[in-house]
Each structure stands twice: as structure tokens, then as C-alpha cells.
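> Take a look at the following structure, please.
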């Protein structure tokens, strides 16, 4: 048996980011960029107005002794998307809207709020008067061409995570498609003759297949494209056929059939399918029977070595959930090109005593609050089939292998689960002021 | 002009969770449950073995003076999914796999690891011997029927967020479909004659439509179903037609056309479409021109009052991004049935001086790290069209309305953006030990 840390090292060593693929801009949210992206334009493409106002020559506003109001004739009006046709002189101005190009001759924009417009016979666009006490400096309210982006400049580096702001920037520089690390495909295969489909009433000795739907949504939540293989029976040929189908994916997750029972066929079927065992059993509670192996399928059509990472998770729901978050989720993140792949950990204060025993680290379902320091409430957990304990958990409290009595008030490390939005976001020194 | 807090109160007052809808179990990830769910089964459905081992009578192991090894004849073998047909007596045992029902007569299971099996002529399944020093107590390694779930018991309350564990539990209790709050539909409508499509090279005075793709992905990230309306021109009839289409959604987000420019048609077109203005302009930087209104469309086919929340965001990308996260994202969360709807806030230490001026609160793009306390680096920000500042940001530092000089080392509140996975998760007292 190896430790959790050794096991994680093994699985991450076997996981490399998937080869890049070109996708349309709309399919990039949440992906990692797989090329350097340069701008093909200056942004703004021209000196532009940052406000609605009047483009002027700042020297028309030089302070004199008496400081009379400045009055200018409006000779044109330009909105965003239009191009000014005339030039601003010392006695004239052009009205500009936010985003409009700055006309020739002008070197500042005065906001509409600081002006008073009036009709004037014989002046088609009227005149505008400015208060005595305003200060106008050259460059005011103008964003010079190329301030934000310069043509040819790399604006996003390969390896950047793509969120809405990156998508806006990619659009600004004209990228209709872009190279990204595609999400890995993960095949899910719960096994066991005792499993019946969700829509059926289980007969004697049977239970419903809860692992399948749970692991499928774990995979989706972790960002994978999930292939549902249905249920594998404890029957060599049917299992082998589903395993072969699953080996077309980047990751094959099998649940059940990996402990020491007579019908635990999974390791044998995997070996016969050419999957090489990397490890079997981890010093972990729950999750000891975890099996991990690799299937080398030769080169793919891009000439890259394609391999499938194969997990045999224990069949009990809590065990398979814990193993998924400890090992499978980091692998999915790594295949998708992420660099931080393990779940964040937070230290909290135990609300009750706990007795840890034995040579395996325990990951105990718990609830961590947002206090400072956070308080950790262990959730009553009646064995590794008890999904209700997980439903109430937002974290797994970690008790290292040892014989040790923890007291109320002791510190404990907690692995944070990808909590639903309404869960508490545990953090110290946070005040929700809004 | 109203404050950010008043504006948020207005938009949240207008947003009620959408009416529940029945969806298949596979479509529930991330939704809020809209009914109480009771179990239709006991779980486990029978007393079951928690290990691979031998079902025995504990009294066969009562310690005697000499403590000879206990030897039992194996009379049957039962895996998960099977039902035992015989009964365990004091000289016999039945081999049981993890999850198998406990046979009549047995009251404990001894793990395979603590036993030694051997063939025995005339005993078809052989005999098994147990070490002298093992302790066997009644109930050992057995999970009694109904420990985890009792038939009829409510196992998930209406209002629970649905994650993988909840999906597993819903499967266990036989729910192929379930009532949830469906995600709201959000229509996105960037406007402006200066906008050209991403695939084109902008001519003089034009820029590419970056707001559209950015706001579409903001909506997706916030959990909405997004309807892309294309680009609205500064032309009354075309704009009015797109607005009518958008009013079929739960939320209509228009970008551009809401400041005081001559062609800023949006408020007028909305009024004519029957949208009632709730507020226009907020004491916020960037984002002052924000417009918000309500369209009451009468009753829908379920007899409920259906209304559309209409946002007119400023056209500059940073302004519209800030307004989206301050006002639209909370509305989407509320419509989807969430109770915590605003972004979390964290206090951090400024890495540099900053001069705040004026009567509007500033939300400044920044990077917050995971130090204790977190350090906040302001990102050089060249006006509200500067998407590059957002690309480097994982937070918005909040400077309340005031004339105040902030010094390096001052504390500042930060609104956390929904960061990509590789962003730092800011928190105090966190150690990444894995």
C-alpha cells in the first residue's frame, strides 16, 4: 500500500495536457489558451473621446486676467462609429460622443455637463459656452490611439485561463477561433450485479445505481466531457467489452469490483485489455481498494502517444466520491491544461472530539463555516455507503494516519469540495459588507 | 443618481426565483431543488456486510481458557446482489462479499484478512480457521437495514443546491426526475453603429464587437441560458424589433446607448416597448450611466406574472463588465433560486498608494493574492475601454466615494471575480500541503 501523496504523484505523472485544438471563440470559456495571441489592431484605433462633450483646443481656455466665459461655434457633431470631416480651430468646436474619434485641431474634450449650448441665428449647430472656472488641459478626456493595445503586441500568453474578459479581448483582436487545450473525455462505468437502474424498485439484495449519476456529475463539475457506459455486470465478457469502449476516452473511471471479493473481476479484465497496473490500494480511509493503471494505445492521428488513465474506484459511494476528488479531479484539471490541480485546503477548528486510529489517513465528511478561524463540524457518517453524510458536507476533514485523540478546539486541515453556490465560502478576515 | 446599494436593492426586489420545472435527474447539476424529496426505500435495504469476510455467530468466538483457533465449515458464498439461502449455525459460516446481505443466524462478519481458508475433503466449500487472538463482537462489520435512509423520510429539502452527492442520493431513492428552479434565460444585445463583427477588420471610426462575446460568456458563467440577439444599430426600428425579441427572456442586457449622447436611443426605445424605468445612473465608477427597468408582460401560461428585467449597461467594456458583476450576476443567481447572490468580498492590503476622488465609489481592477493578509495590486487601467486591465484582474478593489489619499499598507475591500481555476484563491491562514 502506498500513501495518498505517492498515489497522487503517480496519477499526475501520467497526466499531460491534451494536444491543442482550434475551436470557435464561443467554445473557449473555461479552457486554457494554447497559443500566444497578438493584436492585429491598435486599440483604440484612433485618439478617442472618453466622454460625451466638445472637442476643443486647450489653448482657447488659457486663463486671462478677467476670465470671461469661452464661447465657441459648434461646426460638426460626431458619434462613435463616425469620422469627423472638419478641423477644430480656436473659435470653433466639434461635439463628440463617447468613443468618437478626436477631430484634427482638437487636443482636449470638455464634458457636456460643463457647457451650456444655445441656438444662434445663422450658426446651424448653435454655439456653446463654458463656465469661467473650468480647467482645460491638453489630452484631457482623450484616450490616445494604441493606449490599450498595439498592433503586433502579444496580448494573451499561451497557458492563460480563458474567462469572459479574455473572450472580450480575443474578440477585440479579431480572433474568431483560437487554439485551446480541449477538455478531456472521461468514461464512467459503475459495476456490480447488485445494481438496478434508478427507475426500478430494487429487489432483494439489490440497490439502485447511485454511483453512475453521481460520478457523471462529478466529471461534469470537474470540466470533463463525460461518456456514460451504463452498468458493468460481474461477467467477464460484458465487462471486457465496456472496458474496451471506455479505453477510447482519456480517462476511464470504473466503480466497484476492485476489492478482494471473489467476483471482483475488474483488475483481471483490465490486465487482459492491456491496461498496466501502476498501483492497487492506498493508505486511505475511505478508499483503500483504489486501483490505477495506464493503457498505451500507440500514436493517435496527430502522431502523439495517446494513453488512457484507468481508475478502479471502490464501489461504495462515499469511497468513490473521496477517491474522485483526491485523484480523478486533479487528473481532469491537468489534462485540461491547468497548473493548479488539487483542491484548496483550509485549516479550521474542530467543534468536537474525534478519535483517529490506524495506519490510513481519514478524509471525514464535514462542514466548514466562514468564521475566523473557520469552525469544522464533523458529519455523522455511518460507513462508506452513506451518501447522506456527503449531502451535508462542503469539505473533507483530514486526520493523518496515527492513533490520536483530537479534542474540541484542535486544528484540522480540510480539503474543500467544489461546493454549490449557496455553500459557505470559508475564509478568515472576510466581511460581507454589501 | 442613486448609490450602488440602493441600485442593487432595486434589482433584487424585482427578481424572484423562477417557477419550478420537472427535469430529468441528469439535468439537475447546479440547480436548486424545488420540492422535498422522501426516500422510497430503506438503505441499506437489508443488514449488509461492510467488508469481504465470513458471516458468523459472535458467540462461537467467546474466549475460553485455552483459546484454540475457531474452525468453521463454509456452507455458502454470497456476493452483493445475491440473497443467502442457508442459515449460519455455531459450527458453520457463510462467505459474504462487501454489500452482501447478512445471512440468518449470523450477527457479525470477520474480515477475510483475519482468516485462513483450506480445502477439506467432503466439505464442498472448505473450512476456514480464525486466529486465536481476534475479538468478535455482535454487530461487527454489519450496517443494519435503514441506517442511512428510512422509507418515507425526507432526505433532501426544497431549496437545497444540487451537486454530485445530491444527485447520487436522488438516484438512490429512485428519482428519475425532480422539480428544480430552472436557469433564467438572458438575452444579450450590444448596440452601436461603430461595432463590426469579430471576423471583420474595423474601418475608420469602427471597433470590433467585444462586448457581445464577453457578456454572453459572463451570462454563461453566471449560470444563465444565453440568447444572442446580435448587434443593435443606432436606428430606432431595428433596435425596437430586437428589444421586443429580448423581452421574451427573463433578463434583457443591452450594452451601449445609455449615456447622454445624441444617438443614445436605448432609454427611448425601451420606454416605447413598455419597459418602465426604475433607475438611470448610479454613483459608480466605471458604470455611472447604468439604466434599469421592468417590463410586465402579464400572466404566463402557468398563471404567474411574468416580467423581464432590463439592464442598459454602458457600452465601454470595463464599465459593462463591472455592472454585470455588480447587478446582473446577482439577479441571475436570484432567479435561479440561490439565496447568496452577491460576490464574496475579502479585505486586503494595498501594495501602492492610490488617490480616490469624487462622489462615486470606484471599482478598480486588481489582483489579490493568497497571502495572510492578502496583498492587493492595482492594475494599470487606461479608461473603461481597457479590456487588458480586466484580463489581469481577479478582483475589483473598492474605493468608497470620498476625496482620500490611500497609502501603501492601507486596507481595502475587494469584490472577488469568478476567477478561472488557475487564479489564486485568496484566503488567510491557508496552507497548500498536498
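Chains as they are written, first to last, in our numbering: chain D, 1 to 434; chain V, 1001 to 1434.
Note that the Cβ used here is the ideal one computed from N, Cα and C, for glycine as well.
All values reported here derive from a predicted model rather than from experimental measurement.
State whether the stretch 352-359 of chain D contacts the stretch 1121-1129 of chain V, with contact taken as three or more CB pairs (one from each stretch) at a distance under 8 Å.
Taking 8 Å as the limit for Cβ pairs, the verdict is that the stretch 1121-1129 of chain V does not touch the stretch 352-359 of chain D.
> Nearest-angstrom Cα distance between residue 1406 (chain V) and residue 113 (chain D)?
For this step, residue 1406 (chain V) is matched to residue 406 along the second chain. For this step, residue 113 (chain D) is matched to residue 113 along the first chain. When rounded, the distance between both Cα atoms is 28 Å.
> Considering only DSSP beta bridges, list what residue 1280 (chain V) is partnered with.
Within the second chain, the letter at position 280 stands for residue 1280 (chain V). Answer is V:1291.
> Does the distance from the CB of residue 167 (chain D) to the CB of residue 1213 (chain V) come in under 8 Å?
Taking the first chain and counting its residues from 1, the one referred to as residue 167 (chain D) is at position 167. Taking the second chain and counting its residues from 1, the one referred to as residue 1213 (chain V) is at position 213. It is a contact, given that the beta carbons lie within the stated cut-off.
> Listing by chain order, which chain D residues have their CB less than 9 Å from the CB of residue 1176 (chain V)?
In the second chain, residue 1176 (chain V) corresponds to position 176, counting from 1. Per Cβ cutoff of 9 Å: 197, 198 and 199.
> Among residues of its own chain, excluding the 5 on either side of residue 1377 (chain V), which ones have a beta-carbon nearer than 7 Å to its beta-carbon?
Start at 1 with the first residue of the second chain, and residue 1377 (chain V) comes out as number 377. Closer than 7 Å at the Cβ level, and outside the excluded window around residue 1377 (chain V), lie 1351, 1366 and 1367.
> Where does the unbroken alpha helix (DSSP H) through residue 318 (chain D) begin, and where does it stop?
As a position in the first chain, residue 318 (chain D) is number 318, starting the count at 1. Here the alpha helix (DSSP H) through residue 318 (chain D) covers 317-323.
> Give the residues of chain D in contact with residue 1386 (chain V), contact being defined as C-beta atoms less than 8 Å apart.
By 1-based counting over the second chain, the position of residue 1386 (chain V) is 386. What residue 1386 (chain V) touches in chain D: 147 and 148.
> Is residue 238 (chain D) helix, strand or coil by DSSP?
Taking the first residue of the first chain as 1, we reach residue 238 (chain D) at position 238. Helix.
> To the nearest angstrom, report how far apart residue 1417 (chain V) and residue 1201 (chain V) are at their CA atoms.
Numbered from 1 along the second chain, position 417 holds the residue referred to as residue 1417 (chain V). Numbered from 1 along the second chain, position 201 holds the residue referred to as residue 1201 (chain V). Computed Cα separation, rounded: 31 Å.
> Quick one: measure Cβ to Cβ for residue 1278 (chain V) and residue 1257 (chain V), integer angstroms, because I've assumed they're closer than 8 Å.
Counting from one through the second chain, the residue named residue 1278 (chain V) turns up at place 278. Counting from one through the second chain, the residue named residue 1257 (chain V) turns up at place 257. 17 Å between Cβ atoms; not a contact.
> Does the distance from the C-beta atom of residue 173 (chain D) to that of residue 39 (chain D) stay below 8 Å?
What you label residue 173 (chain D) is simply residue 173 of the first chain in a count that begins at 1. What you label residue 39 (chain D) is simply residue 39 of the first chain in a count that begins at 1. Yes.
> Tell whether a beta-carbon distance below 8 Å holds between residue 8 (chain D) and residue 142 (chain D).
In the first chain, residue 8 (chain D) corresponds to position 8, counting from 1. In the first chain, residue 142 (chain D) corresponds to position 142, counting from 1. No, the Cβ-Cβ distance between residue 8 (chain D) and residue 142 (chain D) is not below 8 Å.
> For a minimum of 3 consecutive residues, which ranges assigned as the beta strand (DSSP E) are wholly contained in the stretch 202-238 of chain D?
As far as the stretch 202-238 of chain D is concerned, its whole beta strand (DSSP E) runs of at least 3 residues are 225-228.
> Hey, how far is the Cα of residue 1072 (chain V) from the Cα of residue 218 (chain D)?
Translated into positions along the second chain, residue 1072 (chain V) becomes position 72. Translated into positions along the first chain, residue 218 (chain D) becomes position 218. Approximately 44 Å between the Cα atoms of the pair.
> Which whole-angstrom value describes the C-beta separation of residue 28 (chain D) and residue 178 (chain D), a residue pair presumed to lie in contact below a C-beta threshold of 8 Å?
For the purposes of this step, residue 28 (chain D) is taken as residue 28 along the first chain, with counting starting at 1. For the purposes of this step, residue 178 (chain D) is taken as residue 178 along the first chain, with counting starting at 1. That belief holds up - the Cβ atoms of residue 28 (chain D) and residue 178 (chain D) are roughly 6 Å apart, short of 8 Å.
> Comparing the C-beta of residue 1020 (chain V) with each C-beta of chain D, is any distance below 8 Å?
Residue mapping note: residue 1020 (chain V) aligns to position 20 of the second chain, counting from 1. Chain D, which has no Cβ nearer than 8 Å to the Cβ of residue 1020 (chain V), makes this no.
> Is it true that the CB of residue 1012 (chain V) sits closer than 8 Å to the CB of residue 1334 (chain V)?
Counting from 1 along the second chain, the entry for residue 1334 (chain V) is found at position 334. Counting from 1 along the second chain, the entry for residue 1012 (chain V) is found at position 12. Cβ atoms of residue 1334 (chain V) and residue 1012 (chain V): closer than 8 Å.
> Under three-state DSSP, which class holds residue 4 (chain D)?
Along the first chain, read from residue 1 onward, the residue named residue 4 (chain D) stands at position 4. In the structure shown, residue 4 (chain D) sits in a helix (DSSP, three-state: H, G or I).
> So, with DSSP's three-state summary, where would you put residue 1118 (chain V)?
Position 118 of the second chain, counting from 1, holds the residue named residue 1118 (chain V). Reduced to three states, the DSSP call for residue 1118 (chain V) is strand.
> For residue 1010 (chain V), I'd like the list of residues in its chain whose CB is within less than 7 Å of its CB, leaving aside the five on either flank, ordered along the chain.
In the second chain, the residue the question calls residue 1010 (chain V) occupies position 10. If we look at residue 1010 (chain V) and ignore the five residues flanking it on each side, its Cβ neighbours are 1278, 1279 and 1292.
> Residues of chain V with CB closer than 7 Å to the CB of residue 82 (chain D), please, in chain order.
Position 82 of the first chain, counted from the first residue, corresponds to residue 82 (chain D). Going along chain V in sequence order, the residues near residue 82 (chain D) (Cβ under 7 Å) are 1205.
> Short of 6 Å in beta carbon distance, which residues of its chain neighbour residue 1330 (chain V), apart from the five on each side in sequence? Order them along the chain.
Residue mapping note: residue 1330 (chain V) aligns to position 330 of the second chain, counting from 1. Result list for residue 1330 (chain V): 1341 and 1342, in chain order.
> Any idea what DSSP makes of residue 1142 (chain V), helix, strand or coil?
Mapped onto the second chain, residue 1142 (chain V) falls at position 142. The answer is strand: DSSP assigns residue 1142 (chain V) an E or B state.
> Do residue 1054 (chain V) and residue 1093 (chain V) have their beta-carbon atoms positioned less than 8 Å apart in this structure?
Indexing the second chain from 1 puts residue 1093 (chain V) at position 93. Indexing the second chain from 1 puts residue 1054 (chain V) at position 54. Yes, the Cβ-Cβ distance between residue 1093 (chain V) and residue 1054 (chain V) is below 8 Å.
> Using only alpha-carbon positions, find the residue among D:281, D:183, D:95 and D:146 that is nearest to residue 251 (chain D).
On the first chain, residue 251 (chain D) is found 251 positions in, with the first residue counted as 1. Closest option to residue 251 (chain D), Cα to Cα, is D:183.
> At a Cβ threshold of 8 Å, is residue 403 (chain D) touching chain V?
Counted from its first residue, the first chain places residue 403 (chain D) at position 403. No, because no Cβ of chain V sits closer than 8 Å to the Cβ of residue 403 (chain D).
> Taking one C-beta from the stretch 1127-1139 of chain V and one from the stretch 1102-1119 of chain V each time, how about it: are there three or more such pairs within less than 8 Å?
Yes, since at least three Cβ pairs between the stretch 1127-1139 of chain V and the stretch 1102-1119 of chain V fall closer than 8 Å, the two stretches touch.
> By the DSSP assignment, the alpha helix (DSSP H) with residue 1167 (chain V) in it spans what residues?
As a first step, residue 1167 (chain V) must be located in the second chain, where it is residue number 167. Counting along the chain, the alpha helix (DSSP H) containing residue 1167 (chain V) begins and ends at 1164-1172.
> Could you check where the beta strand (DSSP E) with residue 411 (chain D) kicks off and where it finishes?
Counting from one through the first chain, the residue named residue 411 (chain D) turns up at place 411. 411-416 is the span of the beta strand (DSSP E), which, as asked, contains residue 411 (chain D).
> Report all residues from its chain with a CB closer than 6 Å to the CB of residue 1423 (chain V); omit the five preceding and five following residues, and keep chain order.
If you number the second chain from 1, residue 1423 (chain V) lands on position 423. Here residue 1423 (chain V) scores only 39 on pLDDT, less than 50, and its place in the model is too uncertain to base an answer on.
> Could you tell me whether any Cβ in chain V is nearer than 8 Å to the Cβ of residue 135 (chain D)?
Counting from 1 along the first chain, the entry for residue 135 (chain D) is found at position 135. Cβ-Cβ to chain V under 8 Å: no for residue 135 (chain D).
> How big is the Cα-Cα spacing for residue 104 (chain D) and residue 136 (chain D)?
Here residue 104 (chain D) refers to the residue found at position 104 of the first chain. Here residue 136 (chain D) refers to the residue found at position 136 of the first chain. So the two alpha carbons sit approximately 17 Å from each other.
> Closer than 8 Å, CB to CB, is residue 1143 (chain V) near chain D or not?
Stepping through the second chain from its first residue, residue 1143 (chain V) is reached at position 143. Yes, residue 1143 (chain V) counts as interfacial toward chain D.
> Applying a beta-carbon distance threshold of less than 9 Å, which residues of chain V neighbour residue 321 (chain D)?
Numbered from its first residue, the first chain carries residue 321 (chain D) at position 321. Neighbours of residue 321 (chain D) on chain V, chain order: 1164, 1165 and 1168.
> Can you pull the DSSP bridge partners for residue 78 (chain D)?
In the first chain, residue 78 (chain D) corresponds to position 78, counting from 1. Looking at the DSSP assignment, residue 78 (chain D) forms a beta bridge with D:96.
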